[in-house]
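Asks: Have a look at the structure that comes next, please.
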């Protein structure tokens, strides 16, 4: 059973993955990425993954066979386990609990494509619908506090398989990064009576300096203080705290702006390694007036070194205004 | 002039390095590490760095010539500039200031050694003395708030030059990561009346589960909730909030425990890429009863992916108890 342990100083939680525990010697050679000859996510290999949880399928096809467009399976090497109790307990001055949660993989296409942008708009829309519906489903489990959807692309961004896929990790506690965003945006709301994200959206659309796309209901821009070169955020222009409340009517536009933003980044930076993460409100809160869900896309072009780990400061060699200008010149 | 920009939501500061601004196209090829044929840190190349700030030298030798053991120079591509005013100002809802600070490089030996552990104990002691004295010196500048000493080893840990060296970055604001440590340790102190680090040291020495070295005045152990496999902390066993107050009498023992810990990690993990960071109290505080300076060593064996960036959670596949057991069997 994996353990969730809390750093008593900063309150940071760490998942000690005892199940998939590696021997220290495993690290000596593993930094070399292995080009896998076999892909468990490709069509025809459905029996090489744990049984599917959900799929968009051609009618008449059976689970765990061919005929799907988007497929969700449990992670074969999950960071957290779905069965069991939290069993919160202490260990001297330290705190821990069992590593209970969910860890699912969203396989975005049966083809061995390596980019979401290779899919047509309707297909991307089904990926987003899958994100939303899996989150809605897991939210019903009262043991859980938070669900994080994310995507790793490229070895440098932590992807271990090429085939385009996303992941959903559901945790029993609300992550520190989300607590910080909530704390900051709540303080702003208490002082100004407005959502800070709504204010940012207004200023970014007005100045255009860091703007990437301004669609009808969604906007994409580089944040004012980006940690990474070409870091890009996508937000709904209307106030909404929870991604999983996304109405069907907005699904298409979100798919389009996400795909177009990724296309621009891929073309500008020659298919960089990247992560994107959907930041949404915690499970136990509804319609928060101060928090605003958003997607953060972070190309992984710079190395994170001692200074960043020690300070939480970041050094970014590309001003976001330059990034925006460069992207504007990229035709997709 | 570089800019310090604040993320208005989380309060995270980012250094936008406009001076060393890269063109976006620079990123396309730069992920390949270049094996440099020329090393500006080697003896005889003293004129290839900015003029030295400090050096341990043979008596009679001139600055910026041969004859040194440890040499400190300004970073040729500094993240922050030493001259100028902060000029704090707003930009709509955002906050920024000029990127004023210091960015120095501590070249630990004239030889092209790639590990600090190749140096003899007395030499390592001089490196530590240099750390302390540079920090003491920069602390006198009232524009500055914090000084962070750190070391990057290996390309995966962000090192751009092989020759063994450390860096000191002094910032006008106290970094978020330090504020978090202070906030957490102060809350503990207010509740229990004790330093949480002192409590941890006591428990780690008592249980021995995660212990690496227990010397007379210093201890090295893996923390209970390590973010990274083999993450190791070194702390003074007596309470002290500021590294730069280290007395001469403790210098030798610190050099020995640091070198021995690095030797163990190098031997166990076949010279892994790593960072170490000295966490000390802010400049404007003295003798804090709740904060305890320490060194964090983080081998970079795992990739940080979307989940970690999004949550601030970490997944660590090696329980620290296993790491400690493994290290105990490594003879140095």
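Residue numbers (this note's numbering), protein chains in the order written: chain A, 58 to 389; chain B, 58 to 389. A virtual CB, placed ideally from N, CA and C, is assigned to each residue, including glycine.
(1) On the three-state DSSP scale, how would you describe residue 366/B?
(2) Could you work out which residues of chain A lie near residue 350/B, taking near to mean beta carbons separated by less than 9 Å?
(3) Taking CB distances under 9 Å as the criterion, tell me whether residue 64/A reaches chain B.
(4) Only counting the same chain, and skipping five residues up and downstream in sequence, which positions put a Cβ closer than 8 Å to that of residue 89/B?
(5) Which chain A residues sit within Cβ distance under 7 Å of residue 242/B?
(6) Runs of 3 residues minimum, wholly inside the segment 254-280 of chain B: which ones carry the beta strand (DSSP E) assignment?
(7) When you measure from the CB of residue 121/B to every non-hydrogen atom of the ligand SAH, does any distance come out below 8 Å?
(8) Looking only at its chain, what residues have a beta carbon closer than 7 Å to the beta carbon of residue 221/A, apart from the 5 residues adjacent to it on each side?
(9) By DSSP, does residue 316/B sit in helix, in strand, or in coil?
(10) Do you know how far the Cα of residue 130/B is from the Cα of residue 111/B?
(11) Can you give the Cα-Cα distance for residue 369/B and residue 101/B, rounded to whole angstroms?
(12) How big is the Cα-Cα spacing for residue 138/A and residue 58/A?
(13) Could you please tell me which residues of the segment 144-159 of chain A, in chain order, have their CB closer than 7 Å to any CB of chain B?
(14) Relative to chain B, which residues along the segment 248-271 of chain A have a C-beta separation below 7 Å, given in chain order?
(15) To which residues of the same chain is residue 189/B closer than 6 Å at the C-beta, ignoring the five residues directly before and after it?
(16) Comparing alpha-carbon positions, which option in 179/A, 246/A, 285/A lies nearest residue 113/A?
(17) How far does the alpha helix (DSSP H) with residue 242/A in it reach, from first residue to last?
(18) When you compare each of 142/B, 341/B, 389/B to residue 154/B by their alpha carbons, which one comes out closest?
(19) Report the neighbours of residue 222/A on chain B: residues whose CB is nearer than 9 Å to its CB, in chain order.
(20) With a threshold of 8 Å, are at least 3 pairs of Cβ atoms found where one atom belongs to the segment 345-357 of chain B and the other to the segment 199-207 of chain A?
(21) In or out: residue 381/A buried (at least 16 other Cβ within 10 Å) or exposed?
(22) In the DSSP assignment, find the unbroken alpha helix (DSSP H) run with residue 394/B in it and report its ends.
(23) How is residue 303/A classed by DSSP in three states: helix, strand or coil?
(24) List the residues of chain B whose Cβ lies closer than 8 Å to the Cβ of residue 333/A, in chain order.
(25) Using the three-state DSSP reduction, which class does residue 58/B fall into: helix, strand or coil?
(26) Just verifying my parser: in three-state terms, what is the DSSP assignment at residue 228/B?
(27) Short of 7 Å in beta carbon distance, which residues of its chain neighbour residue 387/B, apart from the five on each side in sequence? Order them along the chain.
(28) Taking C-beta pairs closer than 9 Å, name the residues in chain B that residue 74/A reaches, listed in chain order.
(29) Is any beta-carbon of chain B found at less than 9 Å from that of residue 369/A?
(30) Below 8 Å, how does it come out for the segment 330-338 of chain A and the segment 68-76 of chain B: are there three or more Cβ pairs, yes or no?
(31) State yes or no: is the beta carbon of residue 234/A nearer than 9 Å to at least one beta carbon in chain B?
(32) Report the partner residues of residue 153/B according to the DSSP bridge assignment.
(33) Ignore the nearest five residues each way along the sequence and tell me which others in residue 63/B's own chain have a CB closer than 6 Å to its CB.
(34) Checking the sheet assignment: what are the DSSP bridge partners for residue 347/A?
(35) Along the chain, where does the beta strand (DSSP E) that runs through residue 137/B open and close?
(36) Could you confirm whether any beta carbon from chain B is found closer than 9 Å to the beta carbon of residue 115/A?
Replies: Per the coordinate set shown:
(1) Residue 366/B: helix per DSSP, three-state reduction.
(2) Within chain A, no residue comes near residue 350/B; the closest Cβ sits about 12 Å away, beyond 9 Å.
(3) So yes, residue 64/A belongs to the interface.
(4) With a pLDDT of 45 at residue 89/B, under the threshold of 50, the modelled position of this residue cannot be trusted, and the question is left open.
(5) Those within 7 Å of residue 242/B in chain A are 66.
(6) Unbroken beta strand (DSSP E) stretches of 3 residues or longer found wholly inside the segment 254-280 of chain B: 268-271, 275-278, given in chain order.
(7) No copy of the ligand SAH appears in this structure; indeed no ligand is present at all.
(8) Same-chain partners within the cutoff: 165, 166, 170, 171, 172, 173.
(9) Note: residue 316/B maps to helix in three-state DSSP.
(10) When the Cα atoms are used, residue 111/B and residue 130/B turn out to be separated by approximately 7 Å.
(11) Their backbone Cα atoms lie some 45 Å apart in a straight line.
(12) Using only the alpha carbons, I get a separation of about 7 Å.
(13) Against chain B - using a Cβ distance shorter than 7 Å - the residues of the segment 144-159 of chain A are 149, 150, 151.
(14) 253, 256, 257, 260: these are the residues of the segment 248-271 of chain A whose beta carbon lies less than 7 Å from some beta carbon of chain B, given in chain order.
(15) Leaving aside the five residues that flank residue 189/B on each side, the residues in its chain whose CB is nearer than 6 Å to its CB run, in chain order, 301, 303.
(16) Checking every option, the nearest Cα to that of residue 113/A belongs to 179/A.
(17) Its alpha helix (DSSP H) spans residues 233-249.
(18) Answer by Cα proximity: 142/B.
(19) By Cβ distance, chain B contributes nothing, its closest Cβ being about 11 Å from residue 222/A, past 9 Å.
(20) As far as the Cβ criterion goes, the segment 345-357 of chain B does not touch the segment 199-207 of chain A, which means the pair count is below three.
(21) By the neighbour-count rule (16 or more Cβ atoms within 10 Å), residue 381/A is buried.
(22) Residue 394/B is absent from the structure shown; chain B starts at 58 and stops at 389.
(23) The three-state secondary structure of residue 303/A, taken from DSSP, is coil.
(24) Within chain B, the C-beta atoms nearer than 8 Å to that of residue 333/A come from 363, in chain order.
(25) Three-state result, residue 58/B: coil.
(26) The DSSP-derived three-state label of residue 228/B is strand.
(27) Cβ neighbours of residue 387/B beyond the five flanking positions: 321, 324, 325.
(28) One finds 372, 373, 374, 375, 376 in chain B with Cβ atoms closer than 9 Å to the Cβ of residue 74/A, taken in chain order.
(29) Yes, its Cβ sits closer than 9 Å to a Cβ of chain B.
(30) The segment 330-338 of chain A, when compared against the segment 68-76 of chain B, does not touch it at the 8 Å Cβ threshold.
(31) Closer than 9 Å to some Cβ of chain B, the Cβ of residue 234/A qualifies, so yes.
(32) In DSSP, residue 153/B forms a bridge with 62/B, 146/B.
(33) In the same chain as residue 63/B, and ignoring 5 residues on each side of it, the C-beta atoms closer than 6 Å to its own belong to 70, 152, in chain order.
(34) None, per the DSSP bridge assignment.
(35) Where residue 137/B is concerned, there is no enclosing beta strand (DSSP E), because DSSP gives it neither an H nor an E.
(36) Answer no: the Cβ-Cβ gap between residue 115/A and chain B never drops below 9 Å.
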